[in-house]
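A short write-up of the structure that comes next.
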């Protein structure tokens, strides 16, 4: 991947939570344009919660978030510069895949129906689901639902895509194929990808940079390329996290 020095996301001294309940505090990090950026941490560390604050669904307690030079995003002020794939795809069960992917285009553009359908089909083709365009979510495998969720996140061709646990619940082969798709989309479209995940195979396999949200200190306790953190863990908690399944080494990747 060509290196980009320009950050597309800047987070400074961010504290997230509600009222007196602080989930994470003092978070500062940049996401560079064109990176695959991983948000790591154990259960309850606030990974998905951080995503909600970054995408404007929640108001932070303190600190600043700048997304694509627009500052903190207010979802009531127009089209955001990102797409989001929520956990499990979050597809509407009463809609076909084509209709699910078309929904953002209907909400945010004035394109005619024919154009919207053509774009929706092109996004489904991009993720390998053109043949399933008229299927409903309950007719799909878990991996297909995830890919459909990514297609919907890409419908408006945003510069940034947030993916919340994209590989969770998938078998190893489906997860690997989804990882390959994410890299392909980044390389072909130049999309910046922020992945919230506890799936180590995915982050270690495709992540360019990462942060580790520590449940003990309630802040970032490590940052850097995931494999560099694995090779030289800065503290015991991240060493245990990155080797907890005993399935990885710093040089060779996943063991069969």
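Numbering (this note's numbering), first residue to last: 1 to 256.
C-beta atoms are modelled at their ideal positions from N, C-alpha and C, and glycine is treated no differently.
Computed from a predicted model, the values in this text were never measured in an experiment.
(request) Return the CA-CA distance between residue 221 and residue 69, expressed in angstroms with no decimal places. (result) Here residue 221 corresponds to residue number 221 of the chain shown, with the count starting at 1. Here residue 69 corresponds to residue number 69 of the chain shown, with the count starting at 1. Near 26 Å, if we compare the C-alpha coordinates of residue 69 and residue 221.
(message) Considering only DSSP beta bridges, list what residue 95 is partnered with.
(response) Counting from one through the chain shown, the residue named residue 95 turns up at place 95. Partner(s): none; residue 95 has no beta bridge.
(message) Tell me whether the region 72 to 87 and the region 12 to 31 touch, counting them as touching only if at least three CB pairs, one residue from each stretch, are closer than 8 Å.
(response) no
(request) Assuming residue 109 contacts residue 84 (C-beta within less than 8 Å), just tell me the rounded distance between them. (result) If you number the chain shown from 1, residue 109 lands on position 109. If you number the chain shown from 1, residue 84 lands on position 84. With 8 Å as the limit, residue 109 and residue 84 do not qualify as a contact, their Cβ atoms being about 18 Å apart.
(message) Nearest by alpha-carbon distance to residue 149: which of 178, 159 and 131 is it?
(response) Within the chain shown, the letter at position 149 stands for residue 149. For residue 149, the nearest C-alpha among the options comes from 178.
(message) I need the DSSP call for residue 25, collapsed to helix, strand or coil.
(response) Walking along the chain shown from the start, residue 25 turns up at place 25. Three-state DSSP puts residue 25 in a strand.
(message) Which of the three DSSP states is assigned to residue 222 in this structure?
(response) Looking up residue 222 in the chain shown gives position 222. In the structure shown, residue 222 sits in a strand (DSSP, three-state: E or B).
(message) residue 65 and residue 11 - do their beta-carbons sit closer together than 7 Å?
(response) One-based indexing of the chain shown puts residue 11 at position 11. One-based indexing of the chain shown puts residue 65 at position 65. In this structure, residue 11 lies near residue 65, with their beta-carbon atoms less than 7 Å apart.
(request) Would you list the one or two residues that DSSP bridges to residue 197? (result) Within the chain shown, numbered from 1, the residue matching residue 197 stands at position 197. DSSP output for residue 197 lists no bridge partner at all.
(message) Quick check: the Cα distance between residue 202 and residue 61, rounded to an integer number of angstroms?
(response) Position 202 of the chain shown, counted from the start, is the residue given in the question as residue 202. Position 61 of the chain shown, counted from the start, is the residue given in the question as residue 61. Approximately 31 Å between the Cα atoms of the pair.
(message) DSSP three-state label for residue 216, please.
(response) Position 216 of the chain shown holds residue 216. Correct three-state label for residue 216: coil.
(request) Classify residue 171 as helix, strand or coil using the three-state DSSP reduction. (result) Here residue 171 refers to the residue found at position 171 when the chain shown is read from its first residue. The answer is coil: DSSP assigns residue 171 none of H, G, I, E or B.
(request) Between the Cα of residue 49 and those of 94, 189, 218 and 231, spot the shortest distance and give me the residue it belongs to. (result) Residue mapping note: residue 49 aligns to position 49 of the chain shown, counting from 1. Checking every option, the nearest Cα to that of residue 49 belongs to 218.
(request) In angstroms with no decimal places, state the Cα-to-Cα distance between residue 114 and residue 105. (result) Counting from one through the chain shown, the residue named residue 114 turns up at place 114. Counting from one through the chain shown, the residue named residue 105 turns up at place 105. Their Cα atoms are separated by approximately 12 Å.
(request) Leaving out five residues on either side along the sequence, give the residues of the same chain with a beta carbon under 8 Å from the beta carbon of residue 116. (result) Looking up residue 116 in the chain shown gives position 116. 102, 105, 106 and 109, listed in sequence order.
(message) If the criterion is Cβ atoms closer than 7 Å, does the pair residue 97 and residue 133 meet it?
(response) By 1-based counting over the chain shown, the position of residue 97 is 97. By 1-based counting over the chain shown, the position of residue 133 is 133. Against a cut-off of 7 Å, the Cβ pair of residue 133 and residue 97 comes out as a contact.
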